[in-house]
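Here is the structure we will look at, set down as structure tokens.
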Amino acid sequence: MTAEKTPSRPQDFGFAAPHDVPIPYMRRTRDYYLALGYPKPYEWAHYADAPFAPRRKPLAQSTIALITTAALVPPGSNAPRSGPYSADFKFYQPWSAPSDGAFDLRIHHVAIDYDHADQTDQASFFPLAALGDAARAGRIGRVTPRVHGAPTNRSHRTTIGSDAPDLVRRCIDDGADAAILVPNCPICHQTLALTSRALEEAGIATVVMGAAKDIVEQVGVARFLFSDFPLGNSAGKPHDRESQRETLAFALDLLERAPGPRTTMQSPQRWSASADWKRDYANAEGLTQDEIAQRRIAFERIGEATKKIKG
């Protein structure tokens, strides 16, 4: 008899590539900034529990708020829509704008995946059009009269004590029954996860649509739709309306059916056939000393520009 051949490699089973897993953003950014010479790692928010507000009404009768971390820019801006980082689009107070208006939003944040994400289609990070379609189709009742922007703030104290309560009040004033929150950069994910918690505690059901799984789950939210996409495209693939509609549909299903807090659903959509883009983001491995020095200089310039704008 001939012994049955035992597969010797994972590929023999059809497994995914070893790096085809959610990017560990907290670890990756910590190692990256350590390599740049910043010895004190950032302390990410972390809760053991998560508040959970049941839906007040059937989704078809609910008023849904939309919260983004994108910057609202004046008409006629000449800035490129896709990268690079620009301190000119940093804002420090929540903003609100009529949901039936025209929008020009930018996400030139310091830690967006500019090598792989595509910000030229704002519907891929701001799902207002898809949400409007859902209202017209009767899937939801309506969109709140305003949409809101949350500042990307590294300060836990400011987000928890000021920005999140401000956004809760705005959503209550707009009659929101539920809210969809769409972050972009790593800190954005923490900001809107904390805002989601505040809304849940106020009785407003939420779902976070994001791409940084480790950050959102460490903060602890009620409902999380995880899209394994580059940072900056959490609402679907750019210039792909079907992807965007399907991503929102998953979020609405989660809002409707989540059984309790810390419910995470992963979108089945894949960014591309290859997962190699996941190895690139903020990866200090393979950088030369000259590259590290150049990135340190660039980061210092960003910090100085931000200080001047903030005053």
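The sequence shown maps to residues 10 to 320 in my numbering. Where a beta carbon is used, it is the ideal one built from N, C-alpha and C, also for glycine.
query, result
"Member of A132, E209, P103 and K246 whose CA lies at the smallest distance from the CA of C197", "P103"
"Candidates F134, H125 and I76, of which the one nearest P154 by Cα", "I76"
"Euclidean distance between Cα positions of M35 and W53", "8 Å"
"Residues bridged to M218 [DSSP beta-bridge criterion]", "L234"
"Bounding residues of the beta strand (DSSP E) (the contiguous stretch that carries A187)", "A187 to V191"
"Three CB pairs or more closer than 8 Å across the segment 175-192 and the segment 206-213", "yes"
"Neighbourhood of L137 by C-beta, 8 Å cutoff - its chain only, sequence neighbours within 5 removed", "L75, S108, F112, V152 and V156"
"Length at least 3, wholly inside the segment 141-198: the beta strand (DSSP E) runs in chain order", "155-158 and 187-191"
"Neighbourhood of P63 by C-beta distance below 8 Å, restricted to the same chain and skipping five residues each side", "A214"
"Rounded C-alpha distance that separates P291 from Y51", "Per the sequence presented here, residue 291 reads as Ala, with Pro not at that position. Straight-line Cα distance between these residues: approximately 15 Å."
"Integer Cβ distance of R271 from G229, believed to fall under 8 Å", "6 Å"
"CB of T161 within 8 Å of CB of T38, strictly", "no"
"Sequence-distant residues of its chain with Cβ nearer than 6 Å to R65 (five each side left out)", "D186"
"Inter-residue spacing [alpha-carbon to alpha-carbon] between D3 and Q303", "Lying outside 10 to 320, the shown extent of the chain, residue 3 is not represented and no answer is given."
"Pair within 8 Å by beta-carbon distance, A139 and Q253", "yes"
"For Q278, three-class secondary structure by DSSP", "coil"
"Selected residue, minimal CA-CA separation from A260, among A143, F100, F61 and A57", "A143"
"Given P329 as reference, the closest of E255, L296 and A267 once Cα atoms are compared", "Any property of residue 329 remains undetermined from this structure, which presents the chain solely from 10 to 320."
"Pairwise C-alpha distance: S281 and A12", "Unreliable positioning characterises A12 in this predicted model, as indicated by a pLDDT of 43, which lies under 50. The coordinate reading is nonetheless provided below. Roughly 39 Å between the two C-alpha positions."
"W104 - partner residues in DSSP beta bridges", "G158"
"Q131 classed as buried or exposed, judged by whether at least 16 other C-beta atoms fall within 10 angstroms", "buried"
"Boundaries (first-last residue) of the beta strand (DSSP E) holding A111", "A111 -> no beta strand (DSSP E), and no H or E assigned at all."
"Short Cβ contact (8 Å threshold) for R115 with A80", "yes"
"DSSP-derived helix/strand/coil call for I73", "strand"
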